[in-house]
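K.L.:
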Amino acid sequence: MKRKISILGSTGSIGKQALEVIEKLNDKFEIIALTAGSNINLLNQQIEKFKPKYAFANDLTQIKGAKVLSLEEICSNQENDIILVAVSGKIGLRPTLTAIKNGIDIALANKETLVMAGDIVMKAAKENGVKIIPVDSEHCAIHQCIKDIAQVDRLIITASGGPFLRKSTEEMKNATVEQALAHPRWNMGRKITVDSATLMNKGLEVIEAHHLFNMDYDRIKVVVHPQSIVHSAIEYVDGSVIAQLGLPSMHIPIQYAITYPERYEGIKSKSFSFSEIARLDFEEPDREKFKALNLAYEAGKVGGSATVCLNAANEEAVFEFLNGQIKLFDIINAVETMMNKHKITAEPTIDEIFDIDNEIRIKTREMMQLASV
Ligand code: NDP
Ligand code: MG
């Protein structure tokens with residue numbers, strides 16, 4: 005029987021690759037819905053090719069060839085077996101929760117969902133017997149390594165180190181948008197690529213891992229691994245380390261997440277050769293240059309609304325950077341300032357999370373405007 009799937013964010017980097025996987029495995033999937041933000045042309049091309057029943061985009065009037073439904077309606081539609089949440093930003097949170105409450109399994113790319121509301125989302129998944137299969141390559145690697153989480157002592161998350169790994173702090177401070185977007189290993193959306201340059205992405209991934217695998221922050225380690233061959237590892241209580249390796253490609257984790265627990269050839273990566281790769285390097289992250297990592301651990305350990313603050317301040321500052329308004333280091337300075345000022349709400353509800361998110365975004369923008377006057 006075909007697995008019925010919807011893709012939220014089918015016009016993005018993850019969404020497009022997911023459709024490539026599905027095209028290759030077309031006898032395994034039926035697409036229920038595809039959604040876009042503003043890229044209506046691409047969405048309409050996808051509708052023509054993949055023939056989903058339903059679609060959504062910011063401008064509903066432009067959708068051709070599929071019935072229009074809201075993200076919430078798509079996520080409460082029981083025709084779905086699984087929903088791939090590949091939108092970027094906070095827009096992913098409410099639809100994901102709706103799908104979970106409707107008992108629909110989730111392939112989760114949108115890390116903001118867990119960074120903003122990991123406690124609520126994981127609790128709802130447990131209560132509704134819903135699987136959340138990670139798409140993020142590190143978490144997908146960990147998911148593939150774990151047999152019994154109770155026997156795992158530590159998670160080891162690898163980081164490529166991004167474009168500034170071998171650059172001086174001074175060079176990184178004055179980096180252009182183009183330099184920050186030139187990721188050496190991965191081709192991703194613009195926001196996550198900037199996060200990879202500051203290592204905030206790794207910080208967000210630590211928080212994501214904490215929620216997905218219910219692991220204390222002290223037992224999640226980040227190690228820099230420039231070749232991006234080891235996608236992450238786990239250490240069992242007896243000291244055995246199991247890692248997942250492969251050539252860097254998001255097709256594989258996407259395919260794993262949407263076909264789990266089956267595995268198919270699908271978009272198979274090039275055959276793996278240890279001797280061709282020859283060497284794998286690992287090093288500690290430079291926590292002076294990549295302060296974002298410390299900020300994320302701090303926010304995670306404090307918990308409550310601290311990670312909402314981290315995420316919102318970071319996203320606003322990244323947009324300002326991409327618009328050429330601030331320097332790369334100002335992103336992390338902005339996040340640190342906002343976090344120092346933030347009054348924590350211990351167990352925020354979803355509505356409170358969105359209120360806090362909004363408030364932090366406004367304050368971050370105000371602060372950055374003041375600083376540039
Ligand atoms: P992109 O920016 O490439 O794509 C984002 C998608 O979300 C697009 O389809 C976009 O639509 C849609 N979207 C954005 N805003 C809205 C909105 N307000 N309403 C409806 N749809 C919207 O991002 P990525 O694919 O790179 O990343 C998606 C998520 O996956 C992020 O959370 C990211 O952190 C995570 N992720 C990505 C990885 C990667 O390799 N790219 C790896 C691991 C995680 P449109 O383009 O039509 O406006
Ligand atoms: Mg990742």
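In this text, residue positions in the sequence shown follow my numbering: the first is 5, and each later residue adds one. For every residue, glycine included, the Cβ atom is placed at its ideal position computed from N, Cα and C.
(1) Starting from D334, trace the alpha helix (DSSP H) both ways and give me its first and last residue.
(2) Compare the beta carbon distance of M343 and K367 with 8 Å and say whether it is the shorter of the two.
(3) Return helix, strand or coil for A37, following the three-state DSSP convention.
(4) For A338, which residues of its own chain have a beta-carbon under 7 Å away from its beta-carbon, when the five flanking residues on both sides are left out?
(5) Given 7 Å as the limit, tell me if K115 has its C-beta closer than that to any heavy atom belonging to the ligand NDP.
(6) Applying the criterion that 16 or more other CB atoms from any shown protein chain within 10 Å of the CB defines a buried residue, is L374 buried or exposed?
(7) Among residues of its own chain, excluding the 5 on either side of I36, which ones have a beta-carbon nearer than 8 Å to its beta-carbon?
(8) On the CB-based measure, 16 or more other CB atoms within 10 Å of its CB, does M5 come out buried or exposed?
(9) For V312, I'd like the list of residues in its chain whose CB is within less than 6 Å of its CB, leaving aside the five on either flank, ordered along the chain.
(10) The alpha helix (DSSP H) that contains D199, what's its start and end?
(11) On the criterion of 16 or more Cβ atoms from any shown chain inside 10 Å, does V241 qualify as buried, or is it exposed?
(12) With a threshold of 7 Å (Cβ to nearest heavy atom), would T15 be considered close to the ligand NDP?
(13) By how many angstroms is the C-alpha of M204 removed from the C-alpha of E76?
(14) Jot down the residue ranges of each uninterrupted beta strand (DSSP E) in the segment 194-261, minimum 3 residues, whole runs only, in chain order.
(15) In its own chain, which residues sit with a C-beta less than 6 Å from the C-beta of S309, not counting the 5 before and 5 after it?
(16) Please enumerate, following chain order, all residues with a beta carbon closer than 7 Å to at least one heavy atom belonging to the ligand MG.
(17) Considering Cα atoms alone, identify which of G16, L46 and D109 is closest to K264.
(18) Quick check: what's the CA-CA separation for S164 versus T202?
(19) Sorry if obvious, but does the Cβ on A90 come closer than 7 Å to a heavy atom of the ligand NDP?
(20) Give the single residue among E288, I233 and G93 whose Cα lies nearest to the Cα of S279.
(21) My output table needs one value for P352: the three-state DSSP class, helix, strand or coil.
(22) Among the candidates L159, V156 and A179, whose CA atom is the shortest distance from the CA of P167?
(23) Sorted by chain position, which residues of the same chain lie with C-beta nearer than 8 Å to I354's C-beta, five sequence neighbours on each side aside?
(24) DSSP state of P138, grouped into three classes?
(25) DSSP three-state label for S10, please.
(26) Tell me whether G193 counts as near the ligand NDP, meaning its Cβ is closer than 7 Å to at least one heavy atom of that ligand.
(27) What first and last residue would you give for the beta strand (DSSP E) that runs through D109?
(28) Note down the Cα distance separating I137 from E266, rounded to an integer number of angstroms.
(29) If contacts are defined as beta-carbon pairs under 8 Å, then S92 and G207 qualify, I think. What distance do you get, rounded to the angstrom?
(30) Across which residues does DSSP place L159 in a beta bridge pair?
P.N.:
Inspection of the coordinates gives the following:
(1) L332 to K345
(2) no
(3) strand
(4) A317, A321, T368, M371 and M372
(5) yes
(6) exposed
(7) K8, I9, S10, P56, K57, Y58, I78, N81, E83 and N84
(8) exposed
(9) If we look at V312 and ignore the five residues flanking it on each side, its Cβ neighbours are M120, I357, I360 and D361.
(10) R194 to T202
(11) exposed
(12) Flag set: Cβ of T15 near the ligand NDP.
(13) For the pair E76 and M204, the Cα-to-Cα distance works out to about 29 Å.
(14) Whole beta strand (DSSP E) segments, 3+ residues: 224-228, 234-240 and 245-249.
(15) I348, T349, P352 and I360
(16) Here the residues come out as D140, S141, E142, N205 and E209.
(17) Here the sequence assigns Tyr to residue 264, which means Lys is not the residue at that position. It is D109.
(18) Roughly 11 Å separates the two Cα atoms.
(19) yes
(20) I233
(21) Correct three-state label for P352: coil.
(22) Measuring from the Cα of P167, the nearest candidate turns out to be A179.
(23) Counting only Cβ-Cβ distances below 8 Å, and skipping sequence neighbours, we find L97, R98, L101, A121 and I124.
(24) strand
(25) strand
(26) yes
(27) D109 to L112
(28) Between the alpha carbons of I137 and E266 lies a gap of roughly 13 Å.
(29) Incorrect: roughly 17 Å between the Cβ atoms, too far for contact.
(30) I224 and I238
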